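Heads up: the sequence shown at position 37 corresponds to 36 in numbering that gives the first Met the number 0, and the numbers run straight through without jumps.
First up is the structure itself, then whatever we jot down about it.
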Amino acid sequence: MNVADLPKVELHLHHEGAAPPDFVRQLAAEKKVDISKVFNSEGGYAFKDFVHFLSVYEAATSVLKTPEDYARLTRAVLEESAANGVVYTESFISPDFCGGGDVAAWKEYLSAMQEAAHEAERDLGIILRGVVTCVRHFGPEKAKASARCAAETAGDWIVGFGMGGDEGQGHQGDFSYAFDMAREARLRLTTHAGEFGGPESVREAIRDLNVERVGHGVRSIEDAALIEELVARQITLEVCPGSNVVLGVYPSFEAHPIKRLRDAGVNVTISTDDPPFFATTMRREYEMLQQAFGWDVEDFTDLNITAAKAAFCDDATRDRVMKKLELT
Ligand code: ADE
Ligand code: ZN
C-alpha cells in the first residue's frame with residue numbers, strides 16, 4: 000500500500016490557513032475587497048518570510064466576515080482534508096477573527112462552523128474538533144478575551160486552547176492568565192513553541208503554560224536535556240515538516256529533525272499547518288517523509304496512533320478514530 004493512501008489524523012491545522020486560494024478569491028470578489036497583493040502570479044499565496052507570512056495570512060483572513068463565511072470555509076477545508084484521507088482533524092480557530100473576542104458573536108460563528116462540520120462528518124466521514132487559539136502578537140489582553148470565549152464554549156467540540164502567531168514577541172508566560180482560564184474550563188492545552196524560538200521557548204511553554212502538546216517544538220532537538228524532559232513528560236509535538244521547510248527553519252525534508260526526535264522517543268505527529276500557503280497536503284507530507292527517511296506503512300500507522308492518543312477529543316470519539324485507522 001502507498002503510505003499516502005493511509006487514513007490520517009491531523010492535529011495542527013489553522014482554519015483560515017487552510018483556506019484554498021480560489022475560495023479566498025471568490026469571497027474577495029463577492030465582497031469587493033482588493034487583496035490582490037496576497038497572491039503571486041500563479042494564483043498561490045505570496046510571502047517572503049515568516050513575519051510577512053503572518054501579515055498575508057491576516058490579509059487573506061480579512062475577506063472572512065460572517066458566520067456563514069466561516070461555515071463555507073469549514074466545508075471547503077474539510078472537503079480538502081477528507082480528499083487527503085484525513086479522518087480526524089483538530090483546527091485552530093481564533094475568536095479574534097470570529098467576532099473580535101465578543102462571546103455572543105463568537106457563539107454564532109461557532110455554531111455555523113459546527114453545523115458545517117456535522118454535515119461534513121455525515122457526508123465524508125471526517126471528524127473535526129476545535130482548538131480555540133489566541134494570537135501571540137495581538138498581546139495578552141486579546142488572549143484573555145479569546146480564553147473567555149473558549150471557556151464559555153468548552154465541551155465535546157471545543158476541546159482545547161492554544162496560541163499561534165509571532166514567537167518573536169514577548170514570552171509564553173505573558174499569556175499564563177489566558178491559559179489558566181482555559182485549563183480551569185477543562186480545556187486541553189497546546190502552544191506554538193520551538194518553531195522560530197529556540198529550545199528555551201519550548202521550556203517556557205512547558206514550565207509557564209503547562210501545555211501537554213507543543214505546536215512544532217522541533218528546535219528542541221538543539222537541547223538534549225529538553226528532549227529527555229519531553230520524553231519523560233510524554234509531551235506530544237505537532238510537527239509540520241513542509242511548513243518548516245517553506246519558512247526556512249530547515250533547508251529540506253532530509254535535514255528536518257522529525258526522525259531524530261522520533262528515534263529519541265519523543266511523541267511526534269505529522270500535520271500541514273497552513274497547507275495552501277506551503278504548497279502541501281497531508282498526502283504530500285507522507286510522500287516527502289517516506290522519500291526522506293524511508294518510513295513505511297508501519298511507521299505511519301504508528302505515527303497516526305500517537306496522534307489519535309494525543310488528540311484532545313473525548314474517549315468515545317477517540318475510539319471511533321481508532322476504528323477508522325484500523326480499516327486498512
Ligand atoms: N499561524 C498560522 N500559521 C502559523 C505558524 N506556522 N506559526 C505561528 N503562527 C501561525
Ligand atoms: Zn501553526
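Cβ atoms here follow ideal geometry from the backbone N, Cα and C, with glycine treated the same way.
Here the structure is a predicted model, which means the values were calculated and not measured.
By how many angstroms is the C-alpha of Ala-309 removed from the C-alpha of Thr-327? Counting from 1 along the sequence shown, the entry for residue 327 is found at position 328. Counting from 1 along the sequence shown, the entry for residue 309 is found at position 310. At Thr-327, the pLDDT of 47 sits below 50, so the modelled position is not reliable; the number obtained from the coordinates is stated separately. So the two alpha carbons sit approximately 21 Å from each other.
Can you list, in chain order, the residues of its chain with a C-beta nearer than 8 Å to that of Glu-78? Leave out the 5 residues immediately preceding and following it. The residue given as residue 78 occupies position 79 in the sequence shown. Excluding residues within five positions, the ones whose Cβ falls inside 8 Å are Ala-119, Leu-123.
Closer than 6 Å: is that where the CB of Asp-95 sits relative to any heavy atom of ligand 1? As a position in the sequence shown, residue 95 is number 96, starting the count at 1. Checking every heavy atom of ligand 1 against the Cβ of Asp-95, none is found closer than 6 Å.
Using the Cα positions of Ile-234 and Glu-228, report the straight-line distance between them to the nearest angstrom. Taking the first residue of the sequence shown as position 1, residue 234 is located at position 235. Taking the first residue of the sequence shown as position 1, residue 228 is located at position 229. Distance between the alpha carbons of Ile-234 and Glu-228: 8 Å.
Neighbour-count burial assignment, Ala-328, 16 or more Cβ in a 10 Å radius: The structure shown has nothing for residue 328, since the chain only spans 0 to 327.
Excluding five sequence neighbours on each side, which residues of the same chain lie with their C-beta closer than 6 Å to the C-beta of Glu-286? Numbered from its first residue, the sequence shown carries residue 286 at position 287. Result list for Glu-286: Ala-3, in chain order.
State buried or exposed for Ser-219, treating a residue as buried only when at least 16 other CB atoms are found within 10 Å of its CB. One-based indexing of the sequence shown puts residue 219 at position 220. Under this definition Ser-219 is a buried residue.
Local Cβ density within 10 Å of Ala-181, reported as buried at 16 or more and exposed below that: Locating residue 181 in the sequence shown gives position 182, where the first residue counts as 1. When all chains shown are included, Ala-181 counts as buried.
Taking DSSP as the reference, what is the three-state secondary structure of His-136? Taking the sequence shown and counting its residues from 1, one reaches residue 136 at position 137. His-136 falls in the helix class under three-state DSSP.
Residue range of the beta strand (DSSP E) that includes Ser-90: Within the sequence shown, numbered from 1, the residue matching residue 90 stands at position 91. Ser-90 -> beta strand (DSSP E) spans 85-92.
Cβ neighbours of Gln-168 in the same chain (closer than 7 Å, five flanking residues each side left out): On the sequence shown, position 169 is the one that residue 168 refers to. These residues qualify, in order along the chain: Arg-135, His-136.
Looking at Ala-307 and Val-296, is the spacing between their C-beta atoms short of 7 Å? Position 297 of the sequence shown, counted from the first residue, corresponds to residue 296. Position 308 of the sequence shown, counted from the first residue, corresponds to residue 307. For Val-296 and Ala-307, no; Cβs fall outside 7 Å.
Please return the same chain residues whose Cβ sits closer than 7 Å to the Cβ of Phe-311, not counting the five positions on each side in sequence. Looking up residue 311 in the sequence shown gives position 312. Only Glu-89, Arg-128, Val-130, Val-158, Gly-159, Arg-187 meet the Cβ criterion.
When the Cα atoms are used, what is the spatial distance from Ala-231 to Pro-66? On the sequence shown, position 232 is the one that residue 231 refers to. On the sequence shown, position 67 is the one that residue 66 refers to. Whole-angstrom Cα-Cα distance: 42 Å.
Best match in Phe-46, Leu-72, Leu-53 for proximity to Val-23 [C-alpha to C-alpha]: Locating residue 23 in the sequence shown gives position 24, where the first residue counts as 1. Nearest C-alpha to Val-23: Leu-72.
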